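Following: one structure in structure tokens, then a few remarks.
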Amino acid sequence: MRLLFCISLLLLFTGVTYAQKSKAIDPDYLDCSATRRLVASDFALQPKPNSNLQGSRGSFLLGCKGGNAVELLSKNANSAVYNRFFHLTSWLDTSNPDNVAQQIEFQQTQFDIQEIYARRLRKQIRASATRMFLIGKPTLDELAKGLLKEAELRQVQYADETAYASLPEKQAEWSRQIQQELQELQAYQVLDNEF
């Protein structure tokens, strides 16, 4: 009887969850996309002349939305984890036009590295969803904490090894490796129309 009651509650909440419309993403953010790459106009913060802001900075956000157990068990579970670029706190130094493409490539690669870890998190969530639903462990925070640290350390390694995308051979190696990893994790990609 108790099991029947729990299943009834689950079905009730499932219906409520899918009946709600998802909120539109804030226009100041750009979701990671396999079809749309970063462009110069995505970097909204304009460094002032004679400021100490040099080069470029991309502001990225990896997080979870919703995250209740029912969502994590659904076919749309991948969209519970997002990887976004924040326009308003990102900048490019355009004082040297010859360097702009390299800066954008560097920031796009940073974004792609973070997407690898977003997909790994989605994969771990899918693998753990039943346990999360039944016993509440592991939590999203527990799953995300280690992956976020790995992502940041890998971004630093990339910056060091490519000298901020200024070494073409090293940049090409990293690009190939990142694209291979993204392809291997394609099942955990959020399609452009899922948000």
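Under this note's numbering, the first residue of the sequence shown is numbered 192, with each subsequent residue one higher. Glycine included, C-beta positions come from ideal geometry on N, C-alpha and C. Treat the numbers as computed from the prediction; the structure is a model and nothing was measured.
Boundaries (first-last residue) of the beta strand (DSSP E) holding residue i
i, result
"tyrosine 379", "Unbroken run through tyrosine 379: none, as it is neither H nor E."
"asparagine 274", "272-277"
"phenylalanine 251", "251-255"
"leucine 221", "220-222"
N-terminal and C-terminal residue of the alpha helix (DSSP H) that residue i is part of
i, result
"leucine 344", "331-353"
"glutamine 325", "Looking at the sequence shown, residue 325 is not glutamine but leucine. Leucine 325 -> alpha helix (DSSP H) spans 288-326."
Residue i versus residue j - alpha carbon distance
i, j, result
"methionine 323", "leucine 376", "22 angstroms"
"phenylalanine 234", "isoleucine 316", "32 angstroms"
"alanine 231", "threonine 285", "9 angstroms"
"leucine 194", "arginine 310", "Any reading at leucine 194 is ruled out, since the residue's pLDDT is 35, under 50, leaving its predicted position unreliable."
"threonine 280", "leucine 236", "6 angstroms"
"glycine 246", "serine 265", "42 angstroms"
"valine 272", "serine 366", "23 angstroms"
"leucine 229", "aspartate 351", "21 angstroms"
"lysine 340", "asparagine 287", "33 angstroms"
"serine 242", "glutamine 370", "36 angstroms"
"glutamine 362", "threonine 353", "6 angstroms"
"isoleucine 304", "valine 291", "20 angstroms"
Supposed close pair residue i, residue j - CB separation, criterion 8 angstroms
i, j, result
"alanine 335", "alanine 268", "The pair is not a contact, with the Cβ atoms about 15 angstroms apart (cut-off 8 angstroms)."
"alanine 356", "glutamate 306", "So it is not a contact: roughly 17 angstroms between Cβ atoms."
"tyrosine 308", "leucine 344", "That pair is no contact at about 10 angstroms."
"aspartate 383", "serine 270", "The pair is not a contact, with the Cβ atoms about 11 angstroms apart (cut-off 8 angstroms)."
"glutamine 301", "phenylalanine 251", "7 angstroms"
Selection from the options that minimises the alpha carbon distance to residue i
i, options, result
"valine 381", "Ala342, Gln301, Arg275 and Asn241", "Arg275"
"arginine 313", "Gln298, Leu325, Gly327 and Asp332", "Asp332"
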